[in-house]
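Engineer: Protein chains in written order, with the working numbering: chain A, 44 to 464; chain B, 33 to 393; chain C, 186 to 406.
#1: Please state the DSSP three-state secondary structure of residue 327 of chain B.
#2: For the stretch 335-360 of chain A, which residues have a CB atom closer than 9 angstroms to at least one CB atom of chain B, in sequence order?
#3: Buried or exposed for residue 329 of chain B, please, with buried defined as at least 16 other CB atoms from any protein chain shown within 10 angstroms of its CB.
#4: Are the beta-carbon atoms belonging to residue 240 of chain A and residue 210 of chain A less than 7 angstroms from one another?
#5: Whether or not the stretch 140-155 of chain A and the stretch 72-86 of chain A are in contact is what I'm after, with contact meaning three or more pairs of Cβ atoms, one per stretch, closer than 8 angstroms; do they touch?
#6: Report the start-end ranges of each alpha helix (DSSP H) in the stretch 257-308 of chain C that is 4 residues or longer and not cut off at the edges.
#7: Measure the beta-carbon distance from residue 187 of chain B to residue 215 of chain B and round it to whole angstroms, keeping in mind my assumption that it falls under 8 angstroms.
#8: How many angstroms separate the CA atom of residue 278 of chain C from the CA atom of residue 200 of chain C?
#9: For the stretch 378-394 of chain C, which residues have a CB atom closer than 7 angstroms to at least one CB atom of chain A, in sequence order?
#10: Measure the beta-carbon distance from residue 459 of chain A to residue 349 of chain A and round it to whole angstroms, keeping in mind my assumption that it falls under 8 angstroms.
#11: Please classify residue 462 of chain A: is it buried, with 16 or more other beta-carbons within 10 angstroms of its beta-carbon, or exposed?
#12: Assign residue 353 of chain A to one of three DSSP states: helix, strand, or coil.
#13: I'd like the list of long-range same chain contacts for residue 398 of chain A, defined as Cβ closer than 6 angstroms, with 5 residues on each side in sequence excluded.
#14: For residue 352 of chain C, which of helix, strand or coil comes out of DSSP?
#15: Residues in the same chain with beta-carbon distance under 8 angstroms from residue 208 of chain C, minus the five sequence neighbours each way, listed in chain order, please.
#16: I'd like the list of long-range same chain contacts for residue 106 of chain B, defined as Cβ closer than 6 angstroms, with 5 residues on each side in sequence excluded.
#17: Below 8 angstroms on the Cβ atoms is my guess for residue 433 of chain A versus residue 424 of chain A; work out the distance and round it to an integer in Å.
#18: Name, in chain order, the residues that DSSP records as bridge partners for residue 152 of chain B.
#19: Which residues bound the alpha helix (DSSP H) around residue 205 of chain A?
#20: Once DSSP output is grouped into helix, strand and coil, what is the label at residue 255 of chain A?
#21: Is the shortest distance between the beta-carbon of residue 364 of chain B and the beta-carbons of chain C less than 7 angstroms?
#22: Of the residues that make up the stretch 325-341 of chain B, which ones have a beta carbon closer than 9 angstroms to any beta carbon in chain C?
#23: What residue range is occupied by the uninterrupted beta strand (DSSP E) comprising residue 72 of chain A?
#24: Taking its Cβ as the centre, do 16 or more other Cβ atoms sit within 10 Å of residue 254 of chain A, making it buried, or is it exposed?
#25: Report the CB separation of residue 327 of chain B from residue 190 of chain B in whole angstroms; it is logged as a contact under 8 angstroms.
#26: Any idea what DSSP makes of residue 374 of chain A, helix, strand or coil?
#27: Can residue 298 of chain C and residue 273 of chain B be called in contact, C-beta distance under 7 angstroms?
#28: Counting only Cβ-Cβ distances shorter than 8 angstroms, please list the residues of the stretch 69-87 of chain A near chain C, keeping chain order.
#29: List, in order along the chain, the chain B residues whose C-beta lies closer than 7 angstroms to that of residue 359 of chain C?
#30: In chain A, which residues lie less than 7 angstroms from residue 398 of chain C when you measure between Cβ atoms?
#31: So residue 323 of chain B packs on residue 297 of chain B, CB below 8 angstroms; how close in whole Å?
#32: Is any beta-carbon of chain B found at less than 7 angstroms from that of residue 299 of chain C?
#33: With distances taken from CA atoms, which of A:117, A:140, A:282 and A:391 is nearest residue 294 of chain A?
#34: Tell me, please, whether the CB atom of residue 218 of chain C is closer than 7 angstroms to any CB atom in chain B?
#35: Does the beta-carbon distance from residue 215 of chain C to residue 383 of chain C come in below 7 angstroms?
#36: So the candidates are B:218, B:78 and B:123; which of them puts its Cα closest to the Cα of residue 456 of chain B?
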């Protein structure tokens with residue numbers, strides 16, 4: 044029976060190191076600027092949360108395995124070897140206190156992509172058996188049941204029925220040859236069923252063919268969060284197979300940051316070939332509809348509102364202008380948050396942190412940054428485009444006793460659709 | 033050698049008291065002594081018997097002697113030379129052969145412990161036959177004469193530091209006086225050749241005070257070798273402004289700009305050329321348009337090209353750089369190749385992670 | 186004991202040779218060992234050109250990411266600029282240094298008057314002192330700093346300091362202080378390939394990779 048071992052972890056670190064990582068470690072001058080970019084440092088003041096320090100295990104392996112001097116000195120026994128105890132200690136730094144938000148990667152003056160490295164370091168941590176329990180559980184549920192939250196297709200079917208009743212529209216399932224395959228995050232199935240209704244209404248108005256898939260409805264990918272490409276591949280393959288079997292043109296990623304990252308950017312590399320379909324975030328699709336005149340809205344939100352940029356959408360995804368253009372259609376009183384767009388601050392629960400129970404206290408503490416940002420704006424509504432952000436924002440606002448509704452952008456657009464075109 | 037004092041000698045030649053005091057004042061200022069010392073110099077020179085001097089020339093070119101005798105009358109150096117008792121100098125003395133050697137031996141005997149020994153030229157320590165005088169090797173003669181000397185003045189860079197004969201690969205095993213004699217006060221007056229006035233001032237100082245002037249770390253009189261040429265060079269402002277001659281006949285050269293780029297060794301050369309100048313104060317090499325060679329410094333002959341700037345390495349770097357780059361590329365490709373193999377193997381040996389091995393069992 | 190003249194001859198000759206060999210050999214080996222590890226191809230559909238993103242980031246990272254970053258890391262950014270700019274002015278625009286480059290690489294350019302170099306040197310030294318104090322005082326930097334960080338600080342400080350001392354003849358004879366200056370540079374050259382000083386070259390690759398990864402996604406990193 045196979046098991047996680049330190050040796051497997053070490054081998055995984057070795058496997059993950061590539062030229063970019065070598066360039067990054069070679070270039071670090073210990074200037075400390077990444078700490079000032081990191082939510083976990085700025086809100087705690089604890090230097091151990093300095094991003095580059097979180098990569099110490101990976102650095103040790105790089106130095107000893109892939110550098111001339113490191114090889115020579117470790118032959119002579121002069122280097123400090125990576126130990127299992129190191130990994131146990133670093134679990135808190137690599138998982139609990141990194142949301143893969145990527146602010147450090149944008150700030151680093153020598154150009155180090157620290158998130159790229161954290162993502163790869165997690166591969167070693169998983170193989171060594173040092174990943175967090177919460178994420179292990181989520182990964183197991185995702186592989187066995189089909190969803191990290193344990194949602195089965197029957198649950199979705201109930202939601203579909205409900206949505207069909209509310210909207211009076213048919214929600215297609217397993218249809219071939221349609222333009223779009225819509226995938227969901229289980230948070231949307233359980234917490235925000237309005238999303239599905241919004242999709243149905245929007246597709247109807249835009250006159251687009253689309254479908255859900257009974258074998259691939261779950262877009263979230265715990266494999267990517269825990270840091271196992273093998274598990275991530277297994278999960279993403281469900282969608283790839285479904286999309287290619289159904290011969291859809293485009294797969295629409297839901298309002299979920301990391302689902303977009305997996306589907307859009309990592310997926311083809313996980314399966315080792317380009318897709319035979321395109322992947323777009325729902326916000327990108329909506330903006331294309333808008334540009335093509337297929338999205339007609341009426342009325343405006345009168346509330347003062349702001350938009351929380353999901354990190355995976357902006358900094359790690361390149362979807363920056365689209366939500367603003369969409370908000371322009373339906374909101375009169377929109378204000379930008381400080382550092383909005385590419386430099387936004389994370390909600391504190393990305394990168395799988397929201398699934399780690401031990402991280403909850405820290406996550407709530409670092410939400411302080413968002414709290415201050417929101418307090419300055421004095422808004423009535425907070426809009427976002429990521430179900431995970433949305434949950435974390437709601438939890439954070441509750442913890443800080445702030446009364447502020449959080450809304451998904453797609454739903455907000457759907458509410459303003461012109462009925463019966 | 034007579035018992036006449038320098039003062040007697042001067043008066044016999046019709047030099048006035050006023051002229052003599054002027055000479056003393058000039059000597060004091062050259063040696064950077066306070067004006068209060070002038071009477072002391074005058075008194076000493078007037079009342080001291082003429083100093084016995086023995087001059088030994090070894091591996092040398094006679095340039096130093098030439099320099100010292102080409103002085104313009106009536107100069108201070110001339111006055112001094114006329115009024116010491118130069119008991120032995122095989123280039124200048126009239127006597128030759130055994131008569132000359134006899135003069136040396138007599139002077140050594142009569143003034144034992146008091147005479148001043150002046151040496152020009154380096155001493156071969158390889159085959160003694162490389163340089164002999166009257167059948168005596170330079171080394172033996174130096175040791176013999178040095179034994180009874182009050183002090184030794186090493187004139188010229190050869191005597192002071194080994195000079196040109198010592199230049200790599202030093203075929204004669206040339207050495208300086210201070211390499212060989214360690215139990216006598218030695219004053220080095222280097223230069224190729226040294227400035228004449230420097231030498232006479234040193235002798236004047238010795239006569240006046242009976243001891244050597246203040247010396248630097250290379251036993252050179254501070255008064256003349258205390259500052260480097262660069263600091264005293266009239267072209268220094270051009271260096272500061274970044275104005276340089278790039279060739280010996282360009283605009284910069286014609287305008288008298290700094291010669292650093294043409295290899296001037298002024299910054300590393302300690303000598304009085306830029307202030308005292310040569311040929312009765314007419315000029316010095318830099319003023320004549322050529323960079324300083326650094327002739328008053330040890331190993332000036334081996335310190336890299338005279339025409340390469342001081343900041344440039346003395347070795348030829350191009351071959352070294354090319355071979356190193358080739359070796360670096362070869363080793364780099366090997367090490368890089370090993371890295372690529374290590375990475376490829378690690379990928380090949382990848383054990384698929386399933387949900388069953390997320391925990392330690 | 187070695188005289189100042191012998192010392193200067195040694196650092197201008199054999200020692201320079203040793204330092205140059207280690208420097209060139211080390212840098213080439215370290216760059217190749219880094220570049221040949223390789224990386225996987227990216228099969229994702231590019232939103233924008235990765236190439237353009239890589240080039241863009243090489244230049245963009247000369248400036249702080251945003252004003253927030255500038256505010257949070259003011260000392261290290263400001264002193265870092267002064268140090269780097271000052272260091273390169275002194276290194277590349279002091280005429281004796283240009284002559285060295287001309288002799289080794291065969292290229293040359295115009296230099297600056299010495300008073301400007303002198304001022305740049307003082308600024309560089311002050312900036313380095315600020316950076317050291319910051320490293321000792323700032324909790325992040327004190328936590329991050331290893332022996333190497335302090336060693337490299339010293340090895341960078343010394344050439345600037347000895348250069349300043351040589352120019353002003355603070356040590357006599359001049360040969361000694363010039364030799365100390367050259368030796369300090371040679372020490373820097375020797376440790377260069379094996380320490381964080383390599384960032385001089387590798388940061389262009391790091392920025393390139395980062396910018397290409399982001400550029401592919403349409404993010405201006």
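Just so you know, even glycine gets a beta-carbon here, dropped at the ideal spot from N, CA and C.
Structural biologist: Checking against the coordinates, here is how it stands:
#1: Looking up residue 327 of chain B in the second chain gives position 295. Residue 327 of chain B: coil per DSSP, three-state reduction.
#2: none
#3: Locating residue 329 of chain B in the second chain gives position 297, where the first residue counts as 1. With 16 or more Cβ atoms within 10 Å of its Cβ, residue 329 of chain B is classed as buried.
#4: Sequence index remark: in the first chain, residue 240 of chain A carries index 197 (1-based). Sequence index remark: in the first chain, residue 210 of chain A carries index 167 (1-based). Taking 7 angstroms as the Cβ cut-off, residue 240 of chain A and residue 210 of chain A qualify as a contacting pair.
#5: yes
#6: 259-278 and 280-290
#7: Numbered from 1 along the second chain, position 155 holds the residue referred to as residue 187 of chain B. Numbered from 1 along the second chain, position 183 holds the residue referred to as residue 215 of chain B. 20 angstroms between Cβ atoms; not a contact.
#8: Here residue 278 of chain C is taken as the residue at index 93 of the third chain, counted from 1. Here residue 200 of chain C is taken as the residue at index 15 of the third chain, counted from 1. Rounded to whole angstroms, residue 278 of chain C to residue 200 of chain C spans 24 angstroms at the Cα level.
#9: 379, 381, 383, 384, 387, 388, 390, 391, 392 and 394
#10: Numbered from its first residue, the first chain carries residue 459 of chain A at position 416. Numbered from its first residue, the first chain carries residue 349 of chain A at position 306. With 8 angstroms as the limit, residue 459 of chain A and residue 349 of chain A do not qualify as a contact, their Cβ atoms being about 18 angstroms apart.
#11: Reading the first chain from its first residue, position 419 is the one you call residue 462 of chain A. Residue 462 of chain A is exposed by the Cβ-count criterion.
#12: As a working mapping, residue 353 of chain A is identified with position 310 in the first chain. In this structure, residue 353 of chain A counts as coil in the three-state DSSP scheme.
#13: Numbered from 1 along the first chain, position 355 holds the residue referred to as residue 398 of chain A. Excluding positions up to five away in sequence, the list reads 177, 178 and 181.
#14: Walking along the third chain from the start, residue 352 of chain C turns up at place 167. Reduced to three states, the DSSP call for residue 352 of chain C is helix.
#15: As a first step, residue 208 of chain C must be located in the third chain, where it is residue number 23. Contacts found: 374, 375, 377 and 378.
#16: For the purposes of this step, residue 106 of chain B is taken as residue 74 along the second chain, with counting starting at 1. The predicted model places residue 106 of chain B with a pLDDT of 47, which falls under 50 and marks its position as unreliable, so this point remains unresolved.
#17: Within the first chain, numbered from 1, the residue matching residue 433 of chain A stands at position 390. Within the first chain, numbered from 1, the residue matching residue 424 of chain A stands at position 381. Incorrect: roughly 12 angstroms between the Cβ atoms, too far for contact.
#18: For the purposes of this step, residue 152 of chain B is taken as residue 120 along the second chain, with counting starting at 1. Paired residue(s): B:89 and B:187.
#19: Indexing the first chain from 1 puts residue 205 of chain A at position 162. Looking at the DSSP string, the run of the alpha helix (DSSP H) that includes residue 205 of chain A is 196-210.
#20: For this step, residue 255 of chain A is matched to residue 212 along the first chain. The answer is strand: DSSP assigns residue 255 of chain A an E or B state.
#21: Walking along the second chain from the start, residue 364 of chain B turns up at place 332. Yes, its Cβ sits closer than 7 angstroms to a Cβ of chain C.
#22: 329, 330, 331, 332, 334, 335, 336, 340 and 341
#23: Translated into positions along the first chain, residue 72 of chain A becomes position 29. Premise fails: residue 72 of chain A is in no beta strand (DSSP E) and is neither H nor E.
#24: Numbered from its first residue, the first chain carries residue 254 of chain A at position 211. Residue 254 of chain A should be labelled buried.
#25: Looking up residue 327 of chain B in the second chain gives position 295. Looking up residue 190 of chain B in the second chain gives position 158. Contact flag wrong, Cβ pair sits at about 11 angstroms.
#26: Your numbering for residue 374 of chain A matches position 331 in the first chain. Residue 374 of chain A falls in the strand class under three-state DSSP.
#27: Within the third chain, numbered from 1, the residue matching residue 298 of chain C stands at position 113. Within the second chain, numbered from 1, the residue matching residue 273 of chain B stands at position 241. Yes. Within cutoff.
#28: 69, 70, 71, 72, 73, 74, 75, 76, 78, 79, 80, 84 and 85
#29: Counting from 1 along the third chain, the entry for residue 359 of chain C is found at position 174. Here the neighbours are 260, 299 and 300.
#30: Taking the third chain and counting its residues from 1, one reaches residue 398 of chain C at position 213. Residues of chain A passing the Cβ test: 156 and 159.
#31: Residue numbering aside, residue 323 of chain B sits at position 291 when the second chain is read from its first letter. Residue numbering aside, residue 297 of chain B sits at position 265 when the second chain is read from its first letter. With 8 angstroms as the limit, residue 323 of chain B and residue 297 of chain B qualify as a contact, their Cβ atoms being about 7 angstroms apart.
#32: Locating residue 299 of chain C in the third chain gives position 114, where the first residue counts as 1. Residue 299 of chain C counts as touching chain B.
#33: Here the question's residue 294 of chain A lines up with position 251 in the first chain. That would be A:282, whose Cα lies nearest to the Cα of residue 294 of chain A.
#34: The residue labelled residue 218 of chain C in the question sits at position 33 within the third chain. For residue 218 of chain C, the answer is yes, since a Cβ of chain B falls inside 7 angstroms of its Cβ.
#35: On the third chain, position 30 is the one that residue 215 of chain C refers to. On the third chain, position 198 is the one that residue 383 of chain C refers to. Taking 7 angstroms as the Cβ cut-off, residue 215 of chain C and residue 383 of chain C qualify as a contacting pair.
#36: A question about residue 456 of chain B goes unanswered here, because the residues of chain B that appear run from 33 up to 393.
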